[in-house]
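Undergrad: The sequence shown begins at 9 in the working numbering and counts up by one. This is the structure, below, for whatever I ask next.
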Amino acid sequence: MSITVSPLSEAIGARIEGVDLSRELDDETFVAIKNALFEHAIIVVPGQTLHEDDQERFCRYFGELEMVRSGEATSDHPAVLMITNVTDSGRPTALEDGEMMFHYDQCYYENPALGSTLYAIEVPDEGGNTLFANCRLAYEALDDGWKARLDGLRALHYYDYKRDPTLRPSEINPGAPQWVHPVVRTHPETGKKAIYVNRLMTLRIEGMDRAESDGILDYLFAHIEKPEFVYEHEWTVGELIMWDNRCSAHARTWFSPDKRRMMRRVTVRDPYPVV
Ligand code: OGA
Ligand code: MN
Numbered sequence: 009m010s011i012t013v014s015p016l017s018e019a020i021g022a023r024i025e026g027v028d029l030s031r032e033l034d035d036e037t038f039v040a041i042k043n044a045l046f047e048h049a050i051i052v053v054p055g056q057t058l059h060e061d062d063q064e065r066f067c068r069y070f071g072e073l074e075m076v077r078s079g080e081a082t083s084d085h086p087a088v089l090m091i092t093n094v095t096d097s098g099r100p101t102a103l104e105d106g107e108m109m110f111h112y113d114q115c116y117y118e119n120p121a122l123g124s125t126l127y128a129i130e131v132p133d134e135g136g137n138t139l140f141a142n143c144r145l146a147y148e149a150l151d152d153g154w155k156a157r158l159d160g161l162r163a164l165h166y167y168d169y170k171r172d173p174t175l176r177p178s179e180i181n182p183g184a185p186q187w188v189h190p191v192v193r194t195h196p197e198t199g200k201k202a203i204y205v206n207r208l209m210t211l212r213i214e215g216m217d218r219a220e221s222d223g224i225l226d227y228l229f230a231h232i233e234k235p236e237f238v239y240e241h242e243w244t245v246g247e248l249i250m251w252d253n254r255c256s257a258h259a260r261t262w263f264s265p266d267k268r269r270m271m272r273r274v275t276v277r278d279p280y281p282v283v
C-alpha cells in the first residue's frame with residue numbers, strides 16, 4: 009500500500025490518504041505514517057470506518073495503550089474514552105462540553121502520553137473545532153535571547169478535572185494531579201526542542217517570583233498560540249486525528265450543548281521520560 013502525505017497548513021499537520029486503518033498495516037506503511045507524524049506533529053486520516061478494536065490496533069503500532077483512569081472503565085475496552093456530550097455512548101466520557109484552552113494532555117503527570125487519537129463519530133454543524141499548535145516551530149522561532157533565558161527552567165503543571173477547562177485556577181487543590189517539567193523539552197525520537205508550557209495547565213516557573221514567572225509564561229502562551237503556528241481543524245465524521253503530544257498543544261472551540269459531538273479517544277503511552 010502506498011500512502012500520500014500532504015501538508016495541512018504552513019503551521020502543522022499532514023493529511024494521509026490511501027490507507028484503510030480497519031486493516032493491519034505492513035511495516036512500510038506504518039513507518040511512513042509514523043514519519044509523517046514525527047515530521048508534521050499531527051496527522052489527519054479521513055474517510056475511515058473504525059471500530060474500537062481497529063483504533064486500538066492502530067495505536068498499538070506506536071506503543072502501549074494508556075488505560076482510562078476513571079474507575080468506570082469498561083473491561084472489554086479499558087483504553088477507550090469517549091470525548092463527548094452524548095450521555096448514552098455506553099462508555100466512560102470526559103471533556104464533555106464546550107471550549108478548552110490550549111494544553112498538552114497529562115502534562116500534570118510524571119509521564120504524559122506520547123500522543124492520542126480522536127476518531128470523529130458525530131460532529132456539530134458549528135463549533136467544536138480542534139486547534140493544534142506547533143510548539144517545535146514556536147520554539148525555533150524564538151530569538152537567541154529567549155532561548156537562553158528558557159534554558160534549564162522548569163514549570164509546575166496542574167489540572168483539576170472538576171474545574172472549568174476554560175479558566176486558569178487561581179488556587180491549587182492539593183489533591184489534584186501536578187508535576188514539574190522542563191519549560192523546553194527535547195523530543196525523544198526527533199531530538200528537536202519544543203516549548204512545553206500551556207495556558208490551561210501550567211501555573212508557575214520554579215524558583216522565580218510570581219511576577220517574573222507570569223511575565224515569561226504569558227509571553228510563551230501567546231507565542232505558541234500565534235496564527236503562524238496554529239491550524240484549526242473543522243471535523244468531518246470518519247476522520248481520525250493523531251497528535252504527537254510531545255511537540256504540539258491543542259485546544260477546542262466552543263460548541264452548543266444542544267448539539268451532539270462524539271469523538272472516540274485512544275491514547276498511547278510514552279516509554280520515554282520528559283527531558
Ligand atoms: C482531548 C482533547 C479536544 C477536542 O481529547 O484531549 O483535548 O477537540 N480534545 O475534543
Ligand atoms: Mn486534550
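Backbone N, C-alpha and C fix where the C-beta goes; we use that ideal spot for every residue, glycine too. Predicted, not measured: the structure shown is a model, and the values here were computed from it.
Does DSSP classify Phe140 as helix, strand or coil?
TA: Residue numbering aside, residue 140 sits at position 132 when the sequence shown is read from its first letter. Assigned with DSSP and collapsed to three states, Phe140 falls in strand.
Undergrad: Can we say the region 17-30 touches the region 50-69, given the rule of at least three CB pairs closer than 8 Å?
TA: yes
Undergrad: Taking the straight line between their C-alpha atoms, what separation do you get for Asp222 and Val192?
TA: Taking the first residue of the sequence shown as 1, we reach residue 222 at position 214. Taking the first residue of the sequence shown as 1, we reach residue 192 at position 184. Roughly 16 Å between the two C-alpha positions.
Undergrad: Where the beta carbon is closer than 7 Å to any heavy atom of the ligand OGA, which residues qualify, in chain order?
TA: Ile91, Leu103, Met108, His111, Asp113, Ser124, Leu126, Gly136, Thr138, His258, Arg260, Met271, Arg273
Undergrad: Shorter than 8 Å from the beta carbon of Lys201 to some beta carbon of chain B?
TA: No chain B is present in this structure, which holds just one protein chain.
Undergrad: Within 10 angstroms of its Cβ, does Lys234 collect 16 or more other Cβ (buried), or is it exposed?
TA: As a position in the sequence shown, residue 234 is number 226, starting the count at 1. So Lys234 ends up on the exposed side.
Undergrad: Does the structure place the region 122-135 close enough to the region 159-168 that three or more beta carbon pairs sit under 8 Å?
TA: They do not touch, by the three-pair rule.
Undergrad: Which residues does DSSP pair with Ser256 in a beta bridge?
TA: What you label residue 256 is simply residue 248 of the sequence shown in a count that begins at 1. Note: Ser256 sits in a beta bridge opposite Asn142.
Undergrad: Per DSSP, which residues does Tyr166 bridge with? Please list them.
TA: Numbered from 1 along the sequence shown, position 158 holds the residue referred to as residue 166. DSSP lists Gln186 as partners of Tyr166.
Undergrad: If we count the other Cβ atoms within 10 Å of its Cβ and call it buried at 16 or more, is Asp113 buried or exposed?
TA: Within the sequence shown, the letter at position 105 stands for residue 113. By the 10 Å Cβ count, Asp113 comes out buried.
Undergrad: Here's the rule: buried if 16 or more other CB atoms are within 10 angstroms of the residue's CB, otherwise exposed. What is Ser14?
TA: Translated into positions along the sequence shown, residue 14 becomes position 6. Ser14 comes out exposed.
Undergrad: In the structure shown, what three-state DSSP assignment does Thr261 receive?
TA: Within the sequence shown, numbered from 1, the residue matching residue 261 stands at position 253. Three-state DSSP puts Thr261 in coil, outside helix and strand.
Undergrad: Grab me the residues of Gly135's own chain with a C-beta within less than 6 Å of its C-beta, minus the 5 sequence neighbours each way, in chain order.
TA: On the sequence shown, position 127 is the one that residue 135 refers to. The residues are Thr261, Trp262, Phe263.
Undergrad: Assuming Ala184 contacts His195 under a Cβ cut-off of 8 Å, what Cβ separation, rounded to an integer in Å, is found between them?
TA: As a working note, residue 184 is residue 176 in the sequence shown. As a working note, residue 195 is residue 187 in the sequence shown. The pair is not a contact, with the Cβ atoms about 27 Å apart (cut-off 8 Å).
Undergrad: Considering only residues of the region 107-132, which uninterrupted beta strand (DSSP E) runs meet the minimum length of 3 residues and lie entirely inside it, listed in chain order?
TA: 108-111, 123-130
Undergrad: Give me the DSSP bridge partner(s) of Leu73.
TA: Counting from one through the sequence shown, the residue named residue 73 turns up at place 65. DSSP output for Leu73 lists Val276 as bridge partner(s).
Undergrad: Tell me Tyr239's beta-bridge partners as DSSP assigns them.
TA: In the sequence shown, the residue the question calls residue 239 occupies position 231. Paired residues: Phe140.
Undergrad: Considering only C-alpha positions, which residue in the set His111, Asp62, Glu130, Glu36 is nearest to Leu211?
TA: Locating residue 211 in the sequence shown gives position 203, where the first residue counts as 1. Among His111, Asp62, Glu130, Glu36, the Cα nearest to that of Leu211 belongs to His111.
Undergrad: Quickly, what does DSSP pair Glu25 with across the bridge? List them, please.
TA: On the sequence shown, residue 25 is found 17 positions in, with the first residue counted as 1. Glu25 pairs with Thr12.
Undergrad: Beta-carbon within less than 7 Å of Ala257's beta-carbon, same chain only, minus the 5 sequence neighbours each way: which residues are those?
TA: By one-based count along the sequence shown, residue 257 stands at place 249. For Ala257, where only same-chain residues beyond five positions count, the Cβ hits under 7 Å are Phe110, His111, Tyr112, Ala141, Cys143, Asn206, Ile232.
Undergrad: What separation, rounded to the nearest whole angstrom, lies between the Cα atoms of Ile41 and Leu29?
TA: For the purposes of this step, residue 41 is taken as the residue at position 33 of the sequence shown. For the purposes of this step, residue 29 is taken as the residue at position 21 of the sequence shown. So the two alpha carbons sit approximately 11 Å from each other.
Undergrad: Under the DSSP definition of a beta bridge, which residues are partnered with Ala102?
TA: In the sequence shown, residue 102 corresponds to position 94, counting from 1. According to DSSP, which records beta bridges pairwise, Ala102 is partnered with Ile91.
Undergrad: Are there 16 or more other CB atoms within 10 angstroms of the CB of Asp62, so buried, or fewer, so exposed?
TA: If you number the sequence shown from 1, residue 62 lands on position 54. Result: buried.
Undergrad: Helix, strand or coil for Arg193, going by three-state DSSP, please let me know.
TA: Within the sequence shown, the letter at position 185 stands for residue 193. Three-state result, Arg193: strand.
Undergrad: Can you name, in chain order, every residue of its own chain whose Cβ lies under 8 Å from the Cβ of Glu18, other than the five neighbours on each side?
TA: Here residue 18 corresponds to residue number 10 of the sequence shown, with the count starting at 1. Answer for Glu18: Glu236, listed in chain order.
Undergrad: Give every residue of the same chain whose Cβ lies closer than 8 Å to the Cβ of Gly71, excluding the five residues on either side of it in the sequence, and list them in chain order.
TA: In the sequence shown, counting from the first residue as 1, residue 71 sits at position 63. Contacts found: Leu122, Val276, Arg277, Asp278, Pro279.
Undergrad: Label Thr244 either buried or exposed according to how many other C-beta atoms from any shown protein chain fall within 10 Å of its C-beta, with 16 as the threshold for buried.
TA: Here residue 244 refers to the residue found at position 236 of the sequence shown. Exposed, because fewer than 16 other Cβ atoms sit within 10 Å of the Cβ of Thr244.
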